[in-house]
Amino acid sequence: MVENPYFLKEGRVLKVVKECEGVFTFHIATEEPAEPGQYNMLYAFGAGEAPITIASVGEGYVVHTVRAVGNVTRSIDSLREGDYLYYRGPYGNRWELERAFGKTLLILSGGLGLAATRWVFERAMESPVKRLIHLYGSKDYESLLYKEFYEKWAKGAEFHITLDRPHPEWKGRVGLITELLKELELEKDAVVFMCGPDPMVKACVKTLEEKGIRAENIYASLERHMKCSVGACGHCMIGPYFVCKDGPVFRYDLIREYFERKEV
Amino acid sequence: MEGKGKGKGYAVSHEGLRKLFDLLSSEYELVGPALKEGVISYKVLRSFEELPFGCKSMELAGYYAVEKADGYFTYVRPSNSLKTFLHPPELTIMRVKRENGKLSFEYEYPDKKYCFFDVRACDLSALKVLDMVFLHKNKNPDPYYASLREKVFIVAVNCTNHTNTCFCTTMGTGPEVKEGYDFLITELDGRFLLEEGSERGRRLLESLENKEEARQEDYEEKERRLKKVESSMKRAFETEGLKERLYGRMEESFWEPVGKRCLACTACTQSCPTCFCFDLLERASLDVSERVRVWDSCFSPSFATLHRFNLRQSVHSRYRQWLMHKFAYWLDQFGTFGCVGCGRCISWCPAGIDLREEVKRVAYG
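Line by line, the protein sequences give chains A and B.
The numbering used here applies: residue 1 is where the first sequence begins, and numbers increase by one.
The numbering used here applies: residue 1 is where the second sequence begins, and numbers increase by one.
Quick look at the structure:
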């Protein structure tokens, strides 16, 4: 008999960090091997499941950042240290980091999309990437994630943050991520990894192509309505692809036709 | 004498068929067609008399009526499909219990042992397509589907009639049954040709009394009957290169006309023998929650939602998703068309949309 893909595993909540209002980061005990870019299906009793990217890993644990937007995520966000989280995974493909070895790697993150790029960014800092740039756009000061790491990241890479809205505490850059991107001096063979809302991804691709970056060198992690995560329920389809198993990371030239067209 | 089937052939009378039916129903839960409330549908059968012998469905786009005809297997594929039994409309996949902040999970696989009695060529192809989706082309094969599928005994029947919405010859799936059955029935003049298709089919036929070895004339008559149906069916459209043509027709303007007619009622996806999309629901009480798998449809407004926003607002975009999936995406995903040409979606469309006409208009118009 084949293995049940819906079987749920148990993981103890080792640590909870409140990132901002309604967003929590959890360290969940696990021995499951995973790769940057993959995600787990997190289960909430009586509510259902939600696909949540693996933000990072540590010795014996996996890191998930969850924003309370629906019944499932609200329930997960109420978990505290010592509680148990039930999950299945990891699922999906990974960022092809090796494509950026010896080259420039540009990472673009929008909002909670930073959770999907954080792990590969941490890996890239330890990899033979020639130049590492990470631009992170957040809608406001209050929504900034992973603040405790900024100092370390700024040492290991060209790490820049931009906020859509100004804030009295914020001394840094204000404006859309595309404006920051426009100013960036970028090698034409740079490899780009990005995750953010669909409109941000589309706008950044446009700017990147104006800079001479080819779509084959751009990768985007997409968010779609994944229910089964094993390519069977049909909800996450975009063109011929199942985002849950063929993605979530896609080489942009392969999905452009479907991603840029309305309502595909 | 070797027939066109894989194994040995016999000729039996109507009484012989009844014996086979009874033998099979003692071992299996027998699913076959029956006339109920004016519609021929697959259901669990209790007796041989329930088979709708001598009935014939007259079907057009958005039209269905049952008439009388001379003969036995005069009808075509039933209104519903075998998907109903292997991928049930509602299936509890797991029971979750909560106790002291911890959860425990119970799941069991359906243990029904089905015999599908009277499966036509299009529906046999549909089973093959579902096998690809749930088992062979999926890295995570579905254990619920697998546990039902592996036990199924299939009695196939060659179509010696067709209705107006049938287009198996276009999709290359019929009318002749070629593989994937335990034994095959072809209605001849006053008798029935039975052909073995598997070891257990062979054993069953061997145990049957009052049979004759099939004669050369029986096979010739089978050929004649199949040729007759085949030649009376018009080829609806060209499938060679269809995928590539459709990929070039994603533009909204190709889809808007059908979007204006389509009611997004989901009748097509429900009657389709291969539409597999499902939703996972949670049915909870205080300390027990059931995870339930239910059929879903790409025509439903909640299907492609992202943070409660429906990515496919317009009906034409949902129709495009469905048709592109059947005739283009499916090939890239599972190496086969998602359509077997059974024509159910045409007969059961309340707006009378004819899928064949839409394929022609979009791809070749």
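Using N, Cα and C, we set each Cβ at its ideal position, and we do this for glycine too.
Length of the line joining the Cα atoms of residue i and residue j
i: B:A69; j: B:Y63; result: 18 Å
i: B:L204; j: B:L20; result: 8 Å
i: B:F303; j: B:D279; result: 9 Å
i: B:R261; j: B:G241; result: 27 Å
i: B:G71; j: B:D218; result: 17 Å
i: A:L105; j: A:L184; result: 13 Å
i: B:P52; j: B:K83; result: 20 Å
i: B:L286; j: A:A44; result: 13 Å
i: B:M94; j: A:V230; result: 17 Å
i: A:Y241; j: A:A157; result: 33 Å
i: A:I107; j: B:Y145; result: 42 Å
i: A:E237; j: A:L208; result: Note that residue 237 of chain A is Met in the sequence shown here, rather than Glu. So the two alpha carbons sit approximately 26 Å from each other.
i: B:G3; j: B:E195; result: Reliability of the predicted coordinates at B:G3 is poor, the pLDDT of 40 falling under 50, and the value obtained from them is presented with this limitation in mind. Looking at the two C-alpha atoms, the distance is approximately 7 Å.
i: B:P175; j: A:L42; result: 47 Å
i: B:E220; j: B:L188; result: 10 Å
i: B:W322; j: B:S26; result: 41 Å
i: B:V258; j: A:E263; result: 16 Å
i: B:G54; j: B:T336; result: 34 Å
i: B:R308; j: A:T73; result: 14 Å
i: A:R131; j: A:F101; result: 9 Å
i: A:T71; j: A:D77; result: Looking at the sequence shown, residue 71 of chain A is not Thr but Asn. Going from the Cα of A:N71 to the Cα of A:D77 covers about 10 Å.
i: A:G22; j: A:A68; result: 5 Å
i: A:Y252; j: A:N217; result: 8 Å
Cβ-based burial, residue i [other Cβ within 10 Å; buried from 16]
i: B:Y364; result: exposed
i: A:M200; result: buried
i: A:R80; result: exposed
i: B:Q333; result: buried
i: A:H27; result: buried
i: B:N140; result: buried
i: A:D140; result: exposed
i: A:G48; result: buried
i: A:P5; result: buried
i: A:P36; result: buried
i: B:N100; result: exposed
i: A:Y150; result: exposed
i: B:V315; result: buried
i: B:M171; result: buried
i: B:V294; result: exposed
i: B:N210; result: exposed
i: A:F7; result: exposed
i: A:D246; result: buried
Whole-Å CB distance - residue i paired with residue j, under 8 Å assumed
i: B:K222; j: B:T186; result: 5 Å
i: B:V288; j: B:L281; result: At roughly 14 Å, the Cβ-Cβ gap does not stay under 8 Å, so B:V288 and B:L281 are not in contact.
i: B:L159; j: B:V76; result: The sequence given here places Cys at residue 159 of chain B; Leu does not occur at that position. About 6 Å; that satisfies the 8 Å criterion.
i: B:F192; j: B:A11; result: 7 Å
i: B:C166; j: B:G343; result: 5 Å
i: B:T274; j: B:V340; result: 7 Å
i: A:S56; j: A:V66; result: Not confirmed; about 14 Å, so no contact.
i: B:T173; j: B:A121; result: 6 Å
i: A:L163; j: A:S138; result: 6 Å
Sequence-distant residues of its chain with Cβ nearer than 6 Å to residue i (five each side left out)
i: B:N80; result: S41 and Y42
i: A:P248; result: G92, S221 and L222
i: A:F159; result: H134 and W153
i: B:E106; result: R95
i: B:V39; result: S79
i: B:S347; result: E59, Y64 and T165
i: A:P51; result: Y39, M41 and M226
i: B:S297; result: T266 and T269
i: A:A116; result: T53, C195 and S221
8 Å CB neighbourhood of residue i in its chain, flanking five on each side removed
i: A:P166; result: V174
i: B:R225; result: N158, T160, T186, E187 and L188
i: B:L23; result: L204, S207 and L208
Other residues of its chain near residue i: CB distance less than 7 Å, five sequence neighbours each side excluded
i: B:C349; result: A61, G62, A267 and C268
i: A:V120; result: P36, G37, W95, L97 and F193
i: A:R256; result: A215
i: A:P90; result: E32, A34, Q38, Y39, N40 and I54
i: B:E256; result: H316
i: B:H162; result: V76, P175, V229, S232 and M233
The ligand ATP heavy atom lying under 7 Å from the CB of residue i
i: A:E21; result: Absence of the ligand ATP is noted for the structure shown, with no ligands found whatsoever.
is_contact[residue i, chain E] using C-beta, thresh 8 Å
i: A:L105; result: In the displayed structure, chain E is absent; the protein chains listed are A and B.
Problem set entry | Length at least 3, wholly inside the region 101-175 of chain B: the beta strand (DSSP E) runs in chain order | 102-106, 114-119 and 153-157
For this session: Kindly provide the ranges of any alpha helix (DSSP H) runs that are 4 or more residues long and lie completely inside the region 195-220 of chain B, ordered along the chain.
Result: 199-207
Problem set entry | Inside the region 12-79 of chain A only - alpha helix (DSSP H) runs reaching at least 4 residues | Secondary structure within the region 12-79 of chain A: the alpha helix (DSSP H) runs of 4 or more consecutive residues, fully enclosed, are 71-76 (chain order).
Problem set entry | Unbroken stretches of the alpha helix (DSSP H), 4 residues or longer, contained in the region 197-251 of chain A | Listed in chain order, they are 198-210 and 243-246.
Exercise. Unbroken alpha helix (DSSP H) runs of length 4 or more, entirely within the region 107-161 of chain A: which are they?
Worked result: 114-125 and 150-156
For this session: Kindly provide the ranges of any beta strand (DSSP E) runs that are 3 or more residues long and lie completely inside the region 30-96 of chain B, ordered along the chain.
Result: Entirely contained in the region 30-96 of chain B, the beta strand (DSSP E) runs reaching 3 residues are, in chain order, 39-44, 55-60 and 63-68.
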